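Each remark here refers to the structure printed beneath this line.
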Amino acid sequence: MGLSQNVVFGLVTGSYIAIAAIGFTLIYGIVNMINFAYGEYLTMGAFIGLLAVTMLPVPLPVAVLLAMAGGGVVSLVLARGFFTPINQTGPVPLLLTSIGLGIALRSAIRLVAGRSARYYDTDTVTYRFDSLPDLTVGSVDLLGGFFVTSEHLIVIGAAVVVFAVLHALLTRTDVGIAMRAMGDDESLARVRGIDTQRIRDSVWVLAGVLAGLAGVLIAIQTNVSSDTGFSHILQILSAAILGGAGSPYGAILGAYVIGLVLALSTAFLPSGLTGLSSAVAFVILVVVLLVKPSGIAGKEVREA
Amino acid sequence: MTAATGAAATAAATADPGSAGDGATAGDSGPDSIVFGQPGALTGAFDFLQPGVSQAADAAVSHINEAGGPLGAELEVIRRDTAVDPQEARSVTTQLVENDDADAIVGLFSSEINPLWNFLQDLQMPIVTPWPGSTFLDTRGGDKATPGDISDDEWVWRTVVGDTVHTGGSAVYALEQGFETLGIINGNTEGERSYVDGFLSVFEENGGSVAEQVEVELGGSSYQSALSRLFEADFDAFLVSMPQESAITALSDWSDGGYGRQPILSDTLAQQEVIDQVGSDLEGAWVAQPGRSGPSYDTFEGIYSEAGDAAINGWTPPSWDAVQVTALAIERAGDASPEAIQQNLGPVSRGDGTPVATFAEGKEALAAGEEITYQGAATPTTFTQHGNVFGTVSINTAQDGSFTETTQVSAEDVREYVAEGEY
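Keeping their order, the protein sequence lines are chains S and C. Each residue of the first sequence is one higher than the one before, starting from 9 at the first, in the numbering used here. Each residue of the second sequence is one higher than the one before, starting from 59 at the first, in the numbering used here.
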């Protein structure tokens, strides 16, 4: 298989990281907090979807919508219950609260659902592209043959839809424009008559919706357990920082960089070092931040 | 003479001077109850194996109590969850010993024992466990063949064959099947590496070779890049050494990718969940597991099946054996102290004593003044000097939607590759 196969894998990984990282970075940019409990929102979304397909039962698309709605509700309720009351106390209490809340949520999920992994019952269809032109550079066939599965297409397709909707939201709607204004300067936005609390609530709901979607997308590829979100939070955080914290467009870019690095490093690291692909991704994160502390596209994209 | 004093007299007559069996008169001053602490995987990555292990321990306890109990006391198992986490295991073991007054421990996994080794030695509590496969224990544990002298002892015994044995069996079977070149995908934890190392030590020494080995982080959302790399190499079969959840992800990716070739799975993967999630592509995959061919397996199975409906897995008969042999050690010692148990585990499992299949038979023989040799369900339970057991290896193959035992690799065949004294 050529380079193209690993690019497909990287795009899939980058897609679900991107969807989650957008929500994470919106909270950072507009509410001005790093929410370490965000991973648990993914877990709850994945479990809501799983309950919907197994207990109601409903088709997967309906379950996805329920997971997104559930994620939005959970996010808003937790924000109103825990973060809004201490919003004025500064970033450190908010950070510590989010860490504590994350631990509590993970424990609660574990208590209810146990630690064992649960699986979505999906039928995978594989699409093969085996007859591509030979395009070899050095020893690497850049095209080669490759395959994608229906689950790959669902993840990539969902990401494309999310990006389009997000762009429309941020550029074409009053709420989106108000979010951008708050992200740039909250005081000025308030002076200009923006209801900042309403916008904050909107951000919490939007972040929860995206977390719910990302949770289901991860779960249909692998499984869902009480540790699903926790095991992905570092990738999400890294994507947000790499792209430029607070920038949704930057988070998308950062997510795909991380996804591709994870896939390509596994493919091309020397034997014996293949288990270090995550470490490679984090080394690249550090290197990028040393060169450009604002992230790859943070400031430039936010100004665009 | 009570049964207990008879046992004590036997022990005094046969154990080394100064050993347990010091004439304790359980009939007069024996304990009312004896507690075995069982750290278990009630949650966590191996929780799917715990129901069978718990049911076997509970069935053994019921059977032992029906036979009058060790030293006439009521035997009880107190089970606590470690989630196979070393720190939790340390806490749980301490709690079982300090708070629950356990007289012995009948649990703990490799990934708990290895990092806690010094702590467990300092505890000076016999740990007779059905779980650990780690090669770390090949030359650690047991009484060093001097049951009367505990100064050289290490306080861990296992009633399940170690990785060296069943990975050796797996490698022997692979070679018999004509697989000369392997691909390997394994997790980056000690247990997963240990499995691969054990396999390769026999496979490569006997002419096999490895075309490609890809190590991966566990808990990943996808292993497709690793598989893509692995299957660029040319090999006959590929070995998967990963815990169940990660293995299901990897094998599902393998199935989606249509890579084909023969899968060989590590010992914990002979689970229905694996077949259910991966699907029919897994047909023909096989797993080498600790055998279920101890001399008293049928006796165990009859009692076990009446105790509940948990499925038997590779660690279920060893759980039965752990409780049985520990109770017999107490009976022989006439004393339930940790030292007495430690000193009598070897004598009730080895030698030319009367073969006994259960505690009931052993209690009767000891009362009659005989020495005994416990014949286990998983293996003969003849403890080596390092507290290990040796037995056949069971080959379970995915057929028609479930794993079925298709053949066994005899203990003699595996023994050719595992030197005496080094296991």
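Glycine included, C-beta positions come from ideal geometry on N, C-alpha and C. From a predicted model like this one, the values you see are computed outputs, not experimental measurements.
Nearest candidate by alpha-carbon position, reference residue i, set the options
i                : options                                   : result
Gly102 (chain C) : C:Ser395, C:Ala295 and C:Pro301           : C:Pro301
Thr179 (chain S) : S:Pro141, S:Pro69, S:Tyr257 and S:Ile249  : S:Tyr257
His444 (chain C) : C:Tyr481, C:Asn244 and C:Asp221           : C:Tyr481
Gly266 (chain C) : C:Ile163, C:Ala369 and C:Glu238           : C:Glu238
Phe106 (chain C) : C:Glu331, C:Pro89 and C:Phe194            : C:Glu331
Asn264 (chain C) : C:Gly199, C:Leu288, C:Tyr281 and C:Gly226 : C:Gly226
Leu19 (chain S)  : S:Pro278, S:Thr132, S:Ala77 and S:Leu270  : S:Leu270
Ala232 (chain C) : C:Asp90, C:Asp139, C:Val472 and C:Ala477  : C:Val472
Val156 (chain S) : S:Val16, S:Leu11 and S:Val299             : S:Val16
Gln205 (chain S) : S:His160, S:Leu151, S:Arg88 and S:Ile117  : S:Arg88
Phe90 (chain S)  : S:Val81, S:Pro65, S:Ala28 and S:Leu102    : S:Leu102
Leu218 (chain S) : S:Tyr135, S:Leu11 and S:Thr51             : S:Thr51
Gly191 (chain C) : C:Pro109, C:Thr222 and C:Val142           : C:Thr222
Glu422 (chain C) : C:Ala160, C:Gly206, C:Ala125 and C:Val93  : C:Ala125
Pro67 (chain S)  : S:Ile25, S:Thr130 and S:Tyr36             : S:Thr130
Asn157 (chain C) : C:Val93, C:Gln145, C:Glu146 and C:Ala99   : C:Val93
Ser106 (chain S) : S:Phe137, S:Ala45 and S:Asp193            : S:Ala45
Leu59 (chain S)  : S:Gly47, S:Val120 and S:Gly31             : S:Val120
Trp378 (chain C) : C:Val406, C:Gly249 and C:Asp116           : C:Asp116
Phe137 (chain S) : S:Leu113, S:Leu143, S:Phe154 and S:Gly146 : S:Phe154
Gln489 (chain C) : C:Pro89, C:Ala328 and C:Val135            : Nothing can be reported for residue 489 (chain C): it is not among the residues displayed for chain C, which extend from 59 to 481.
Thr440 (chain C) : C:Val451, C:Pro396, C:Val467 and C:Pro353 : C:Pro353
Glu250 (chain C) : C:Val155, C:Asp207 and C:Phe194           : C:Phe194
Gly326 (chain C) : C:Tyr475, C:Gly88, C:Gln153 and C:Phe167  : The residue asked about is misnamed: residue 326 (chain C) is Thr in this sequence, not Gly. It is C:Phe167.
Gly152 (chain S) : S:Ser158, S:Asp142, S:Glu159 and S:Gly53  : S:Asp142
Leu113 (chain S) : S:Ile38, S:Ala172 and S:Phe55             : S:Phe55
Close Cβ partners of residue i (< 8 Å) along its chain, the five nearest in sequence each way excluded
i                : result
Ile304 (chain S) : Leu250, Gly251, Gly252, Gly258, Leu261, Gly262, Val265 and Val296
Leu196 (chain S) : Ala189
Pro3 (chain S)   : Residue 3 (chain S) falls outside the range modelled here, since chain S spans only 9 to 312, and no answer is possible.
Gly199 (chain C) : Glu212, Trp213, Val214, Trp215, Arg216, His444, Gly445 and Asn446
Ser280 (chain C) : Thr307 and Asp311
Ser246 (chain S) : Gly262, Ile266, Ala289, Phe290 and Leu293
Asp292 (chain C) : Thr239 and Ala269
Thr384 (chain C) : Phe94, Ala162, Val164, Pro184, Val186, Ile399 and Leu403
Same chain, Cβ closer than 6 Å to residue i, five either side skipped, listed in chain order
i                : result
Ser324 (chain C) : Tyr253 and Ser299
Pro376 (chain C) : Pro188, Thr217, Val218 and Ala436
Val272 (chain C) : Ile243, Ala284, Arg287 and Leu288
Ser285 (chain S) : Leu270, Ser273 and Thr274
Gly449 (chain C) : Val219, Gly349, Thr437 and Ala469
Gly80 (chain S)  : Val213, Gly216 and Val217
Ala222 (chain S) : Tyr24, Ile27, Ala28 and Leu50
Ile111 (chain S) : none
Asp143 (chain C) : none
In DSSP terms, what residue i is bridged to
i                : result
Thr217 (chain C) : Its beta-bridge partners do not exist; DSSP assigns none.
Gln465 (chain C) : It is worth fixing the name first, because residue 465 (chain C) is Thr in this sequence and not Gln. C:Ile453.
Phe155 (chain S) : S:Arg136
Phe296 (chain C) : C:Gly241 and C:Pro321
Ser460 (chain C) : C:Gln457
Ser267 (chain C) : C:Thr239
Pro348 (chain C) : C:Val451
Gly98 (chain C)  : C:Asp139
Glu48 (chain S)  : Answer by DSSP bridge pairing: none, since Glu48 (chain S) is not bridged.
Thr187 (chain C) : C:Arg216
Ser310 (chain C) : In the DSSP output, where bridge partners are listed per residue, Ser310 (chain C) has none listed.
Residues of its chain near residue i, where Cβ-Cβ distance is below 7 Å and the 5 sequence neighbours each way are ignored
i                : result
Asp210 (chain C) : Lys202 and Thr204
Thr148 (chain C) : For the record, residue 148 (chain C) in the displayed sequence is Arg; it is not Thr. Contacts found: Leu174 and Phe177.
Asn123 (chain C) : Glu132 and Leu133
Thr282 (chain S) : Thr274
Ser302 (chain S) : Gly252
Gly256 (chain C) : Thr193, Asp221, Thr222, Thr225 and Gly226
| Length at least 3, wholly inside the region 53–141 of chain S: the beta strand (DSSP E) runs in chain order | 134–137
| request: Report the residue ranges of all beta strand (DSSP E) runs contained in full by the region 365–443 of chain C; include only those spanning at least 3 residues, in chain order. | output: 412–414 and 430–432
| Contact residues within the region 110–143 of chain C, judged by C-beta distance below 9 Å to chain A | Reference to chain A is not applicable here, since the protein chains of this structure are S and C.
| task | Taking only runs that begin and end inside the region 107–166 of chain C, name each unbroken beta strand (DSSP E) of 3 or more residues, in chain order. | result | 132–139
| said: Would you call the region 365–381 of chain C in contact with the region 389–396 of chain C, where contact means no fewer than 3 C-beta pairs closer than 8 Å? | reply: no
| request: Kindly confirm or deny that the region 454–462 of chain C and the region 411–422 of chain C touch, where touching means at least three C-beta pairs closer than 8 Å. | output: no
| Sequence ranges, alpha helix (DSSP H) only - wholly within the region 194–252 of chain S, length at least 4 | 194–199, 204–229 and 236–251
| message | Below 8 Å, how does it come out for the region 332–346 of chain C and the region 136–143 of chain C: are there three or more Cβ pairs, yes or no? | response | no
| message | If contact is defined by three or more beta carbon pairs under 8 Å, each pair taking one atom from either stretch, is the region 227–243 of chain S in contact with the region 123–143 of chain S? | response | yes
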